[in-house]
Amino acid sequence: MNNQKNKSQIKIKSKTTDTQPPTTHPPELMAPAGDWTMLRTAVNAGADAVYFGVDKLNMRAKAVNFTIDDLPEIVKFCKENDVKSYLTINTIVFEEEINELEKIIISAKKSGVDRIICWDLSVAELCSKHNFPFCVSTQGSVSNSLAASVYKKLGAIRIVLARECSLEEIKKIRANTDLEIETFVHGAMCIAVSGRCFMSHHMFGQSANRGECVQTCRR
0 MNNQKNKSQI
10 KIKSKTTDTQ
20 PPTTHPPELM
30 APAGDWTMLR
40 TAVNAGADAV
50 YFGVDKLNMR
60 AKAVNFTIDD
70 LPEIVKFCKE
80 NDVKSYLTIN
90 TIVFEEEINE
100 LEKIIISAKK
110 SGVDRIICWD
120 LSVAELCSKH
130 NFPFCVSTQG
140 SVSNSLAASV
150 YKKLGAIRIV
160 LARECSLEEI
170 KKIRANTDLE
180 IETFVHGAMC
190 IAVSGRCFMS
200 HHMFGQSANR
210 GECVQTCRR
């Protein structure tokens, strides 16, 4: 997730069955925790959960991050304050990084991290291998219930919806999946990822992802 320092998120918990209306739960407020100051601030401000990365394979590559060795202390602090701890491994993973990726996942599980936030399928596969709960990051660009069902088959327990989803679209997705749903309520709105550019839609209301691109990048 880009620019974690400026974002907070809300999760809407899942319904109990496909035929029952969603159960009413208080939303889970999640806040970023890029370092110890941010972590303590988020917890003291009342966050229900925090998300953070370590010094490899997270979207805050240029920022100061925690290390793998920090994980036990982070988890201990969170548990003492009844706060969930979510580790982000939300970048593209290349072949030479697979071994390091698995080491991070194993360390996170041993440390007691509650969940991994990811979108690269290699992370999902290794989380399943080690029986570690994972959520699909907004980098997965999930914008409909059928896409959510694919990730559910891979073992995901929560979907962080694409940030361009409207409130009405979120409601429709909620009605058609029993996965936990999470959505951004504040933060950066990324313009593009590979093959999914939002510049044309943002500037002119014509989406490149719907065949309407005005090719703003060429002007």
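FYI, numbering that gives the first Met the number 0 numbers position 110 of the sequence shown as 109, with every residue one higher than the one before it. For glycine and all other residues, C-beta sits at the position ideal for the given N, C-alpha and C.
On the premise that V49 lies in contact with K82, defined as a C-beta separation below 8 Å, what is that separation, rounded to the nearest angstrom? Position 83 of the sequence shown, counted from the start, is the residue given in the question as residue 82. Position 50 of the sequence shown, counted from the start, is the residue given in the question as residue 49. The sequence shown places Val at residue 82, rather than the Lys named in the question. That pair is a contact at about 6 Å.
Taking the runs of the alpha helix (DSSP H) that are 4 residues or longer, which of them lie wholly in the stretch 41-86? The qualifying runs are 70-79.
With 16 as the cutoff for other CB atoms within 10 Å, does R114 come out buried or exposed? Stepping through the sequence shown from its first residue, residue 114 is reached at position 115. Burial call: buried.
Excluding the 5 residues flanking T16 on each side, which residues of the same chain have their C-beta closer than 6 Å to its C-beta? Taking the first residue of the sequence shown as position 1, residue 16 is located at position 17. Residue placement at T16 cannot be trusted, given a pLDDT of 43 that sits under 50; the coordinates are not used to answer.
Which of the three DSSP states, helix, strand or coil, is assigned to E179? Your numbering for residue 179 matches position 180 in the sequence shown. Of the three classes helix, strand and coil, the one that applies to E179 here is strand, per DSSP.
Across which residues does DSSP place V159 in a beta bridge pair? On the sequence shown, residue 159 is found 160 positions in, with the first residue counted as 1. In DSSP, V159 forms a bridge with E181.
Output the distance between the C-alpha atoms of N143 and I172, rounded to the nearest integer angstrom. Mapped onto the sequence shown, residue 143 falls at position 144. Mapped onto the sequence shown, residue 172 falls at position 173. Approximately 6 Å, taken between the alpha carbons.
Given this structure, state the Cα-to-Cα distance separating L136 from C196, to the nearest angstrom. Mapped onto the sequence shown, residue 136 falls at position 137. Mapped onto the sequence shown, residue 196 falls at position 197. Reading off the sequence, residue 136 comes out as Ser, not Leu. If I take the Cα positions, the gap works out to 17 Å.
Three-state secondary structure (DSSP) at R173? Reading the sequence shown from its first residue, position 174 is the one you call residue 173. Helix.
Rounding to the nearest angstrom, what Cα-Cα distance links C216 and V92 in this structure? Here residue 216 is taken as the residue at index 217 of the sequence shown, counted from 1. Here residue 92 is taken as the residue at index 93 of the sequence shown, counted from 1. Roughly 27 Å between the two C-alpha positions.
In whole angstroms, what is the alpha-carbon distance linking G52 and L153? Sequence index remark: in the sequence shown, residue 52 carries index 53 (1-based). Sequence index remark: in the sequence shown, residue 153 carries index 154 (1-based). G52 and L153: Cα-Cα distance of roughly 22 Å.
Output the distance between the C-alpha atoms of P20 and D177, rounded to the nearest integer angstrom. Residue numbering aside, residue 20 sits at position 21 when the sequence shown is read from its first letter. Residue numbering aside, residue 177 sits at position 178 when the sequence shown is read from its first letter. Because the pLDDT at P20 is just 48, under 50, the model does not fix this residue reliably, and the value given afterwards should be weighed accordingly. If I take the Cα positions, the gap works out to 10 Å.
At 4 residues or longer, and completely inside the stretch 81-162: list those alpha helix (DSSP H) runs for me, N to C. Taking 4 residues as the minimum length, the alpha helix (DSSP H) runs contained wholly in the stretch 81-162 are 97-110, 120-128 and 144-152, in order along the chain.
Among L145, I103, N208 and V42, whose alpha-carbon lies nearest the alpha-carbon of F131? The count along the sequence shown starts at 1 and reaches residue 131 at position 132. Comparing Cα positions, the closest option is I103.
For E95, which of S106, D68, K55 and S199 has the nearest alpha-carbon? As a working note, residue 95 is residue 96 in the sequence shown. The shortest C-alpha separation from E95 is found at K55.
Where T182 and C164 are concerned, what is the direct C-alpha to C-alpha distance, given to the nearest angstrom? Within the sequence shown, the letter at position 183 stands for residue 182. Within the sequence shown, the letter at position 165 stands for residue 164. So the alpha carbons of these two residues sit roughly 9 Å apart.
Compare the beta carbon distance of I116 and N89 with 9 Å and say whether it is the shorter of the two. In the sequence shown, residue 116 corresponds to position 117, counting from 1. In the sequence shown, residue 89 corresponds to position 90, counting from 1. It is a contact, given that the beta carbons lie within the stated cut-off.
Which residue comes first and which comes last in the alpha helix (DSSP H) that contains V165? As a working mapping, residue 165 is identified with position 166 in the sequence shown. In the sequence under discussion, the amino acid at residue 165 is Ser, which differs from the Val named in the question. Run containing S165: none; DSSP gives neither H nor E here.
Which same chain residues end up closer than 6 Å to E211 when comparing Cβ atoms and leaving out the 5 residues on each side of it in sequence? Here residue 211 corresponds to residue number 212 of the sequence shown, with the count starting at 1. The residues are Q205.
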